[in-house]
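Here the structure is laid out as structure tokens; the discussion comes afterwards.
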């Protein structure tokens, strides 16, 4: 590790950079129903401020990784954060939904730099057990961010107006920028390969059948989570008549369930075969969905508890499934994980779009999406195990 990079300074910075996407998506959630009323637009339109962010964020991830391997981490990171601060300021001045959607797309293009490059910097600076420790620390921050973000957003709305949410995000960007400027370049040996060669590695991944099948299965298992993120404020605020602040606590409760799932996974991996954890997690999706469809509409808690089972199930099955996806790849791990996260976000955006429609009651849509995904993923996972893809003997 470079002597000039002090560990106690760099870890909080990496954690802050990793939290950018969660704060950028979840802080605005409590304001969505009131923005729909303010601008007199349907939820399907207002939710484009989330969907546009997710799609752009996913595409931008594919771009920053390769560029930073070639030119170092610091320059693309500074450029991305400056774009993020600029876009956050523009978001605060938006006077209609179209302007806000466009500025959010710009904001996502900036936010992607911080999230993808913080992971690359961790890889540059730390090795072995120390890296695992730092990654675990960052994972806790990543889990805390979605819990805290809507609560911060709810508090801002209780005392100020919605533009202040974006002013707060811009301030967070500024703190990150100052930290990055003070940090030395972490990449010691930039790649000399042309950028076109990196695009070629994405092409090779698309031809890796096992990898692509696993990526699709795992991404479908996350669809209910993204659908919930997009539909949650309308369900709790419009459906159950909650205030923005109370909604933010219920949303945090779900984020807590996701975190509990990840922690359970860490604790149980030594005692239970990770494949069984995945099977249990995928089955939990369907059970939670059936409960939502049958009793979800009775009260906030009869919805929140089955939803917590769903997010817990995603939390417990996600780490081993990510690991299994990357097991299918022998080189270009950076490109493989970028493509994986890109697929998560793109399919996630599809879930956000589905739950924003008016086909039936919003809770029925969410329950139906979750049940369909749960059954599909469980069947696909059983078939994959029969074919031996679930085993790790692919080296």
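In this note's numbering, the protein residues as written are 128 to 522.
Note that CB positions come from ideal geometry on N, CA and C, so glycine has one too.
Per DSSP, residue 222 lies in no alpha helix (DSSP H) segment and is marked neither H nor E.
Every candidate beta strand (DSSP E) stretch fails here, since none sits fully inside the segment 442-520 while reaching 3 residues. Residue 214 sits in a helix when the DSSP states are folded into three classes. Straight across, the Cα-Cα distance linking residue 389 with residue 267 is about 9 Å. In this structure, DSSP gives residue 433 a helical state, which the three-state scheme calls helix. The count of Cβ pairs closer than 8 Å, one atom from the segment 369-389 and one from the segment 186-199, stays below three, leaving the stretches out of contact. In the DSSP assignment, residue 196 falls within the alpha helix (DSSP H) that extends over 175-198.
Taking C-beta atoms as the reference points, residue 341 and residue 451 count as a pair closer than 8 Å.
Secondary structure of residue 394 (DSSP, three-state): helix. Burial check for residue 292: the Cβ neighbour count within 10 Å reaches 16 or more, so the residue is buried. Contact between residue 187 and residue 465 does not hold, since their C-beta atoms are separated by about 10 Å, which reaches or exceeds 8 Å. In the three-state reduction of the DSSP assignment, residue 336 falls in the helix class. Counted as a single uninterrupted DSSP element, the alpha helix (DSSP H) harbouring residue 291 occupies residues 290-309. Residue 200 and residue 304 have their alpha carbons spaced roughly 13 Å apart. The residue from 252, 496, 177 and 427 with its alpha-carbon nearest to that of residue 472 is 177. Distance check between residue 302 and each of 185, 455 and 209 places 209 closest, using alpha-carbon atoms only.
Counting of Cβ neighbours within 10 angstroms places residue 157 among the buried residues, the total reaching 16 or more. Counting the other Cβ atoms within 10 Å of the Cβ of residue 299 gives 16 or more, which makes it buried. Taking residue 184 as reference, the option from 241, 162 and 165 with the minimal CA-CA separation is 241. Its Cα nearest to that of residue 311, the residue 202 stands out among 510, 202 and 264. Under the criterion of beta carbons closer than 8 Å, residue 357 and residue 174 qualify as touching, at roughly 5 Å. For residue 428, the secondary structure class from DSSP, reduced to helix, strand or coil, is helix.
Within the same chain, 163, 361 and 483 come within 6 Å of residue 170 by CB-CB distance, once the 5 residues on both sides are set aside. When C-alpha distances from residue 252 are compared across 506, 313, 285 and 290, the shortest belongs to 313. Annotation: residue 206 to residue 435 spans about 38 Å, alpha carbon to alpha carbon. The segment 324-343 makes no contact with the segment 225-234; the number of CB pairs closer than 8 Å stays below 3. Residue 400 sits in coil when the DSSP states are folded into three classes, being neither helix nor strand.
With 16 or more other Cβ atoms inside 10 Å of its own Cβ, residue 384 counts as buried. With 16 or more other CB atoms across the displayed protein chains lying within 10 angstroms of its CB, residue 350 is buried. Taking C-alpha positions only, residue 419 is separated from residue 446 by approximately 25 Å.
In the structure shown, the three-state DSSP call for residue 368 is coil. Collapsing the DSSP output to three states places residue 154 in coil. Your pair residue 154 and residue 279 checks out as a contact, with CB atoms roughly 6 Å apart and the cut at 8 Å. When the five nearest sequence neighbours on each side are left out, the beta carbons in the same chain lying within less than 8 Å of the beta carbon of residue 335 are those of 455 and 456, in order along the chain. Counting other Cβ atoms within 10 Å of its Cβ, residue 486 stays below 16 and is therefore classed as exposed. Residue 442 sits close to residue 386, with the two beta carbons spaced by under 8 Å.
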